[in-house]
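K.L.:
Keeping their order, the protein sequence lines are chains A, B and C.
Sequential numbering of the first sequence, starting at 1290, is according to the numbering used here.
Sequential numbering of the second sequence, starting at 27, is according to the numbering used here.
Sequential numbering of the third sequence, starting at 238, is according to the numbering used here.
Where is the CB? At the ideal position from N, CA and C, for every residue including glycine.
Keep in mind it's a predicted model, so treat the numbers as computed, not measured.
First, the structure itself, so that you have it in front of you.
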Amino acid sequence: MAGGGDRARSFNPILFADLARKNFGSREDTLKNTITTLLLTTAALAVMSSAALAQNLPKKIGYVANYSTHEWYQNVIKGMEARATELGIEFEMRDANLDVARMVSASEDFMAEGVDVLIVTPVNEEGAVPLVRRAKEDGVPLVLEGNPVTGMTTMVAICDYDTGYHAGVAAGEYAKEKLGGVAKVMNVGLPLLSATVLRSNGFMDGLKTILPDAAMVHDLDGGGNPDRALEVSSAALAQNGDINIIYGINDSSSQGGLQAWKAAGKSQDGLLVVGTGGEGLGFINMMDTEPSYQIEAAMFPEKVGFTSIDAAVKLFNNEAVPAHIVSPTAPMVGTDSWKQFYSLEGTTRTINWEAVNAITPAEKCMKTAADL
Amino acid sequence: MSDISRPAPAAGSTLARLTQNNQIVLLVTLVLLCLVISLGAPQFYSVDNLIAILRQCSLVLIIAAGMTMLLIAAEVDLSVGASLAFSGVVAMDVTNKTGSVALGVAAAILFGGAVGLFNGLVVTRLRVNSLIATIATMMILQGGVYLYSREAVQNMHLQKAFTDISTGYVGPLPVPVIIAAVVVIIAYVVLRHTTAGRYIYATGANERAARLSGIRPERLKLIVFVVTGLLTGLAGLILASLMNAGQPTAGRGFELTVVAAVILGGTSLTGGRGSLLGTLLGVLVLKVIDNGIIILRWDQDLQMVIPGIVIVLATYLDLVRKKNDAT
Amino acid sequence: MGNLPVSKQQMVEIARALAHEARVVVMDEPTSSLTPAEVALLFEVIRRLTSIGIAVLYVSHKIDEIFEIADTVTVLRDGRHISTKPIAEHTPDSLIHDMIGRRIENLFPRERGPASAETILKVENLSTTDKLKDVSFEARAGEVLGFFGLMGAGRTELAKAIVGFDPIRTGRISIGGQPLTPHDTRTGKALGIGLLTEDRKSEGLMLELPVLHNMSLASLSSFSSGGFVDEGRERSAVQEFIDRFRVKTPSLNRQIKYLSGGNQQKVLLARWLMRGLKVIVVDEPTRGIDVGAKSEIFALIDKLAADGLAVVMMTSEMPELLGLSDRIAVMAEGRLTAVMDRKDATQEKVLNAAIA
C-alpha cells in the first residue's frame, strides 16, 4: 500500500480507486509459491460460472466496500448484485468509506449476523490483517477484492500490467496498419502508484512486440485527473510535434491528453488515443465522437464483482482456489467496439455478460508490483 | 510596490533600487526563466508552446483578477477550485439538457456568481472569517458536485460553439486568452482608475477608516465576492469546454495556484496592497515554470517544489524592499 | 491582567521591574491614558522610587508633567540630542523652545470672530446601549464646542455616535436641519459631518497607502465622473491642502506611515475639509503630536471655525479645552453634566462637573 505521502496526493477519488484497487506491492511473491495450486484449478476456473450452479449455494453474502460512491466500485457492486441475483443469493453491501474502523466493524457485524461468505475490499493492509485472522478463526470464508492481505485465502483482482500490455499490442497493430508503423508515445501517466506504472510499462512492452522501434517520447505525470493531464500534455505536445500515440493510465488522463491535442488545433488524423479503465461513460462518448480514440483497455469492474461472487461460492464449498483470481480485462479496438461489451440507455450502461464472460482470464499476471 | 503609486525616490544600494519594484523583479525573473528554459529546450519559443502557456495562464488569470481584488480588500476565497469544477459540470449539463450553449454559458456564470454571493453573505453578514467560510464552501461544493453528478458529464450536445469557447481562435489568439485579457484589463481599470477600486484598497488597508469616511465596506466586499464568483463560473465554463466534459474532479488545488500567483505578484494577504499587473506577472512566472519543467523533462514533482521556493523568495524580497523603503 | 485598568497594569509593570531589582525604570508616556487622580498616584510612586535610589527615565511630551516630576530634563528633537539641564534652569517657554526649535508666541491663537447664531448640529436625547444616556446639545456655525470628561466619560462614544459610525438606541441627530437617517457614516458624509478620530492608526490612517489616497478618500466622488477618478484634479486638490496645511512629505506618493504624527493628523483633517463639511468632530486632536505641530493643529481648528464650520472637540487636555473652546460641555459617565460659556469656565468648575 502506498505510504502517507501518497495518501495525501490521492485525495482525488479517481486516483484513490487506482491506489486502493491494486497496489500492495511485494506481497505478490506469495503468488509464485502457489503456481501449482493455480495450475490445478485452471480447469475449474474456466468453467466457473456454469459449475457454480451445480454447487451448494450460500444463503447470504456480505460485501464491505472501501469507497462505494466511486464509479469503479459502483460498477463492481452492480456486478456482484447481478451475479448474486442470478444465483439466488441474498447480497448486502456496506461501505467503509475509506475508514479502517468502519471496515472492521462492518465486517464484524456481517459475521455476527451470520453471512455465509464475506467479501471485503481492504481499506489498507494493516487494518485488514486482524480481520483476515478473525474470519479464519470464526470459520467465515473471506474473499478479498482488489488488494492482497497477509494470511488471506484468496483475492479477486485484475492484472494492471496485462491490461496495458494487451492494449499495447492492439495499438502496435493499429499503428502498423494506419500510422505507417511509427509509434511515438506520450504517456499521460501517474508515477505515484505501482498499478498505474504497471499499466504504462505493459503498454510500451506490448507495443514493442509489434513495433520494436516504438518510443516513449514523453513520460508525464498527469495526476490521474483531467485538468492536470490536459495542462501537462499541452506542454509536451508543444515540444514534441512528432507524438502520434497518446496513452492514458485512466480515462481522465487519456481525455486530458486528447483535449490538449485538440486545443492545440491539431487534426486527429494520424493520431491514436488509448485509454484505460472504462469505468464510466467518458470513454464511450469519446469513442463515439473522437476519431482518434480507437482503443480502450477495458477493465470491466462489473466482471470483478461477478468474479468475486463466484469466488465466494467456491470458498463456501471448500473448493481450492488460487491466491489471486484474475478478473479478465481486454482491449476494445475500434469506434464501435464498446458496443460488444456494453449497451447504453440514456446515461445508464449495461454490461453484456455473455461477451465479457467469454473472455478467458489469465491464470496469473505477467508482471506485478513485485517486479517493478 | 503597488502600481497605484509611483515609487518613492530610491534610497540605498543599487540592489535596493532594483528591488524597489516588485514587478521589475518579477519581470526580470520571467525573462531569465524564459532564457534558461529556451537554452535547454528551443521548442519553448514555438508558437504552439507559447499558445499552450497563454491558454493555461488565461484560466488562472480570469480567477486571479477577482482574487486580487479580494485580497486587496483583505478577504480570500478558497472555494474557487471547487466552484470551478462545479460550474463546469453545470455548464455541460445545462447545455446537454437544453441544447443551448447560451443557456449553458449563463448557467455556469450564474452558478459561480451564486457561490460568490453565498461566500460574501456568510463573510459580511454572519461575520465568519473568509478563510474559514470559503474552506467550508469548498467542502460543500466538493461534496455537492457528487450529489449533482456521480461522474463526469460528457459532451452529448456536440455543439461546436461550446468547444470553440476554449479551442476557437480570433485571429492568432485563442478565445480564452482574449477573454482573460478583457477580464484583466477591466479589473485593472476598475482597481486603478475608479472610485470603487480606491474603496477596495481603502477597505483592505483600514476597514474602520474606510467606514468612517462614508464607505460601506461590507457591501463592497460582498460585491467583490460576487465578482470573483462570476469570474470563477466563467473559468469553469472554459475548463469544461477545454476538457469537453464537466469533470467533478477538476480544479483540485486550483485555488492555491491562484492565491500563490496573486501573492507572488506582490499583493498582500493582509489587504490594502497589490496590483493586477503584479498578478499578471505572477501567473506568467508560475505557468512558465510549470511548462519549463515539462519541456526540460525535469521531474514533475518539481512543479510543486519550485513555485514554493519562488514564493518564499519573492516574499522575502518584498520584505527587504519594504525595509529599504523605510530608511 | 488584561482586565485591569491601565493604571493598575502600570503598577504591576513597575512592581515587576522592582522584583527584578531594576536600578533604572524607564516609563514611556505613562500618563497618556490615566485620569488625573491616577496620575497623582503614579507620581507618588515615582517619588518613592527615586527616594530609595532608583533612577526613573520618564519620557513624556507633556510639559506640565515634566515640571512636576523631573529633576533633570533632556530634550530630543528629530532624533538629535538638544539639551540636558536641571529642571530649575528651564521655564516652560525655554523648554518648548528647545523642543520645537523656535519660540511659540501664543499656543492658542484666536483669529476667528464670534460664532454665528445658526445651529448646524442638533443632538436630542441621544442614548446608546452601552454608554450614552440622554445627551442633548447644539453646535453653531463658527464655534468650537469643547467636550471635556475623564476617561470613560463617553466623549469618544458620543463622537462616533453623532457621525453615524456607532449605532444609537434612541435620540435624534440632525445636521443643517436634515435628520441623520439612516444612521450611518455614508449619510453623515452626505449631510456634512465627519470625525477626526482619536485613534489615528486603527481608525484613520491607511498606513500602506500614499498620502494622496489617504487625503482624498472622503472626497473622491467630487473628483470623479461616472465612477472614474480624475487623478489630475485629485492631485492638484491634494497638493493645495498639502501647501495650505504645511504637511511635510517628500511627495504625494509617500506612504503615510512614514510621516510624523502631526503631519498624519493634518492629512486626516484635510481628508474631511477637502469635502467641505458643516460639522467636524475632532476627538483628542493632538494626541501623540509634538508641541510644534500642536500649535499648528490649534491654528487649523481656529481657522475651521472662522470658515463657518461647527467644530465639536473632544479633549482630555484642560489647556486645550480652555484655550480653544467657545463653549464647554462636560460629560461624566455617559451623561452631559454641564454646558458653559468659555468666559464662565474655570478649571475647578469643569473638573467638578466632570467628577459629578
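What in chain B is Cβ-close to C:V466, meaning under 7 Å?
P.N.:
The sequence position of residue 466 of chain C within the third sequence is 229, counting from 1. By Cβ distance, chain B contributes H219, T220, T221, R224.
K.L.:
Based on Cα-Cα distance, which residue from B:L246, B:G125, B:V210 lies nearest to B:T221?
P.N.:
Mapped onto the second sequence, residue 221 of chain B falls at position 195. B:T221 has its Cα closest to that of B:L246, out of B:L246, B:G125, B:V210.
K.L.:
Assign C:G464 to buried or exposed, taking buried as 16 or more other Cβ atoms, counted over all protein chains shown, within 10 Å of its Cβ.
P.N.:
Stepping through the third sequence from its first residue, residue 464 of chain C is reached at position 227. Exposed is the call here.
K.L.:
Report the residues of the segment 273-302 of chain B with a CB closer than 7 Å to any CB of chain A, ordered along the chain.
P.N.:
Of all residues in the segment 273-302 of chain B, Q273, T275, A276, G277, R278 have a Cβ within less than 7 Å of some Cβ in chain A.
K.L.:
For B:V331 versus B:L56, is the C-beta distance shorter than 7 Å?
P.N.:
Taking the first residue of the second sequence as position 1, residue 331 of chain B is located at position 305. Taking the first residue of the second sequence as position 1, residue 56 of chain B is located at position 30. No, they are not a contact pair.
K.L.:
For B:R32, is the classification buried or exposed, using 16 other Cβ atoms within 10 angstroms of its Cβ as the cut-off for buried?
P.N.:
Reading the second sequence from its first residue, position 6 is the one you call residue 32 of chain B. Model confidence at B:R32 stands at a pLDDT of 39, short of 50, so the residue's coordinates are unreliable; what they give is reported in the following sentence. So B:R32 ends up on the exposed side.
K.L.:
Only counting the same chain, and skipping five residues up and downstream in sequence, which positions put a Cβ closer than 6 Å to that of B:S64?
P.N.:
To locate residue 64 of chain B, count along the second sequence from 1; it is residue 38. Cβ neighbours of B:S64 beyond the five flanking positions: F70, Y71.
K.L.:
Short of 6 Å in beta carbon distance, which residues of its chain neighbour A:T1439, apart from the five on each side in sequence? Order them along the chain.
P.N.:
Locating residue 1439 of chain A in the first sequence gives position 150, counting from the first residue. Hits under 6 Å: V1418.
K.L.:
Between B:S84 and B:I205, how many whole angstroms is the CB-CB distance? I'm expecting something under 8 Å.
P.N.:
Mapped onto the second sequence, residue 84 of chain B falls at position 58. Mapped onto the second sequence, residue 205 of chain B falls at position 179. The pair is a contact, with the Cβ atoms about 7 Å apart (cut-off 8 Å).
K.L.:
Flag this pair as yes or no: are the beta carbons of B:V141 and B:G272 separated by less than 7 Å?
P.N.:
Position 115 of the second sequence holds residue 141 of chain B. Position 246 of the second sequence holds residue 272 of chain B. No, these two residues do not count as a Cβ contact at 7 Å.
K.L.:
Distance check for B:G279 and B:I226, CA to CA, integer angstroms please.
P.N.:
Position 200 of the second sequence, counted from the first residue, corresponds to residue 226 of chain B. Position 253 of the second sequence, counted from the first residue, corresponds to residue 279 of chain B. Rounded to whole angstroms, B:I226 to B:G279 spans 26 Å at the Cα level.
K.L.:
Nearest-angstrom Cα distance between C:F460 and C:L449?
P.N.:
The residue you call residue 460 of chain C lines up with position 223 of the third sequence. The residue you call residue 449 of chain C lines up with position 212 of the third sequence. One C-alpha to the other measures close to 13 Å.
K.L.:
Going by DSSP in three states, B:P243 sits in which element: helix, strand or coil?
P.N.:
Reading the second sequence from its first residue, position 217 is the one you call residue 243 of chain B. Three-state result, B:P243: helix.
K.L.:
Identify the contact partners of A:K1551 in chain B, using a Cβ-Cβ distance below 7 Å as the criterion.
P.N.:
On the first sequence, residue 1551 of chain A is found 262 positions in, with the first residue counted as 1. Correct list: T193.
K.L.:
Report the neighbours of A:T1358 on chain B: residues whose CB is nearer than 9 Å to its CB, in chain order.
P.N.:
Position 69 of the first sequence, counted from the first residue, corresponds to residue 1358 of chain A. What A:T1358 touches in chain B: Y172, R176.
K.L.:
Which residues, in chain order, does the segment 381-393 of chain C contribute to contact with chain B at a C-beta distance below 9 Å?
P.N.:
Listed in sequence order: no entries.
K.L.:
Leaving aside the five residues before and after C:A455 along the sequence, list all residues of the same chain whose C-beta is less than 8 Å from its C-beta, in chain order.
P.N.:
Residue mapping note: residue 455 of chain C aligns to position 218 of the third sequence, counting from 1. Closer than 8 Å at the Cβ level, and outside the excluded window around C:A455, lie K426, G431, R508, W509, M511, R512.
K.L.:
With respect to the beta strand (DSSP E) encompassing A:V1474, which residues constitute its N-terminal and C-terminal limits?
P.N.:
Walking along the first sequence from the start, residue 1474 of chain A turns up at place 185. Counting along the chain, the beta strand (DSSP E) containing A:V1474 begins and ends at 1473-1478.
K.L.:
When we look at the beta-carbon of C:K245 and count the other beta-carbons within 10 Å, is it buried (16 or more) or exposed?
P.N.:
Start at 1 with the first residue of the third sequence, and residue 245 of chain C comes out as number 8. By the neighbour-count rule (16 or more Cβ atoms within 10 Å), C:K245 is not buried but exposed.
K.L.:
Kindly confirm or deny that the segment 1590-1599 of chain A and the segment 1611-1622 of chain A touch, where touching means at least three C-beta pairs closer than 8 Å.
P.N.:
Touching, per the Cβ criterion.
K.L.:
Cα-Cα, which of B:G277, B:D325, B:V210, B:S294 is closest to B:L345?
P.N.:
Numbered from its first residue, the second sequence carries residue 345 of chain B at position 319. It is B:S294.
K.L.:
Please classify C:M443: is it buried, with 16 or more other beta-carbons within 10 angstroms of its beta-carbon, or exposed?
P.N.:
The residue you call residue 443 of chain C lines up with position 206 of the third sequence. It is buried - the Cβ of C:M443 has at least 16 other Cβ atoms within 10 Å.
K.L.:
In chain order, which beta strand (DSSP E) runs of at least 3 residues are fully inside the segment 243-282 of chain C?
P.N.:
You should have 261-265.
K.L.:
Give the straight-line distance between the Cα atoms of A:K1321 and A:E1414, rounded to the nearest whole angstrom.
P.N.:
Mapped onto the first sequence, residue 1321 of chain A falls at position 32. Mapped onto the first sequence, residue 1414 of chain A falls at position 125. With a pLDDT of 47 at A:K1321, under the threshold of 50, the predicted position of this residue should be treated as unreliable, and no value is reported.
K.L.:
Verify the CB distance criterion: does A:D1577 have a CB-CB separation below 7 Å to chain B?
P.N.:
Along the first sequence, read from residue 1 onward, the residue named residue 1577 of chain A stands at position 288. So no, A:D1577 is outside the interface.
K.L.:
Given that a residue counts as buried once 16 or more other Cβ atoms are within 10 Å of its Cβ, and exposed if not, what is A:S1632?
P.N.:
Residue 1632 of chain A sits at position 343 when you count from the first residue of the first sequence. The residue is exposed, with fewer than 16 neighbouring Cβ atoms inside 10 Å.
K.L.:
Quick one: what does DSSP say B:V102 is sitting in, helix, strand or coil?
P.N.:
For the purposes of this step, residue 102 of chain B is identified with residue 76 of the second sequence, where counting begins at 1. Three-state result, B:V102: coil.
K.L.:
Taking just the CA atoms, how far does B:L136 sit from B:P333?
P.N.:
In the second sequence, counting from the first residue as 1, residue 333 of chain B sits at position 307. In the second sequence, counting from the first residue as 1, residue 136 of chain B sits at position 110. Each residue's alpha carbon lies about 32 Å from the other.
K.L.:
State yes or no: is the C-beta of A:S1542 within less than 7 Å of the C-beta of B:A78?
P.N.:
By 1-based counting over the first sequence, the position of residue 1542 of chain A is 253. By 1-based counting over the second sequence, the position of residue 78 of chain B is 52. Their beta carbons are not under 7 Å apart, which means A:S1542 does not touch B:A78 by this criterion.
K.L.:
So, are the CB atoms of C:A216 and C:A547 less than 7 Å apart?
P.N.:
Residue 216 of chain C is absent from the model: chain C starts at 238 and stops at 593.
K.L.:
In this structure, what does DSSP give as the bridge partners for A:E1585?
P.N.:
Translated into positions along the first sequence, residue 1585 of chain A becomes position 296. A:E1585 pairs with A:G1564, A:M1621.
K.L.:
If I follow the unbroken beta strand (DSSP E) through C:E468, where does it start and stop?
P.N.:
Position 231 of the third sequence, counted from the first residue, corresponds to residue 468 of chain C. C:E468 -> not in any beta strand (DSSP E); alpha helix (DSSP H) instead, spanning 468-481.
K.L.:
Below 8 Å on the Cβ atoms is my contact criterion, and I expect C:A352 with C:E375 to pass it. Report the Cβ-Cβ distance as a whole number of Å.
P.N.:
Sequence index remark: in the third sequence, residue 352 of chain C carries index 115 (1-based). Sequence index remark: in the third sequence, residue 375 of chain C carries index 138 (1-based). No, C:A352 and C:E375 are not in contact; Cβ-Cβ is about 11 Å, not under 8 Å.
K.L.:
DSSP three-state call for B:L343: helix, strand or coil?
P.N.:
What you label residue 343 of chain B is simply residue 317 of the second sequence in a count that begins at 1. B:L343: helix per DSSP, three-state reduction.
K.L.:
I need the boundaries of the alpha helix (DSSP H) containing A:T1637, first residue and last residue.
P.N.:
If you number the first sequence from 1, residue 1637 of chain A lands on position 348. Counting along the chain, A:T1637 falls outside any alpha helix (DSSP H), though it belongs to the beta strand (DSSP E) covering 1637-1640.
K.L.:
Answer yes or no: does any C-beta atom of chain B fall closer than 7 Å to that of A:N1574?
P.N.:
Residue mapping note: residue 1574 of chain A aligns to position 285 of the first sequence, counting from 1. By this cut-off, A:N1574 is an interface position.
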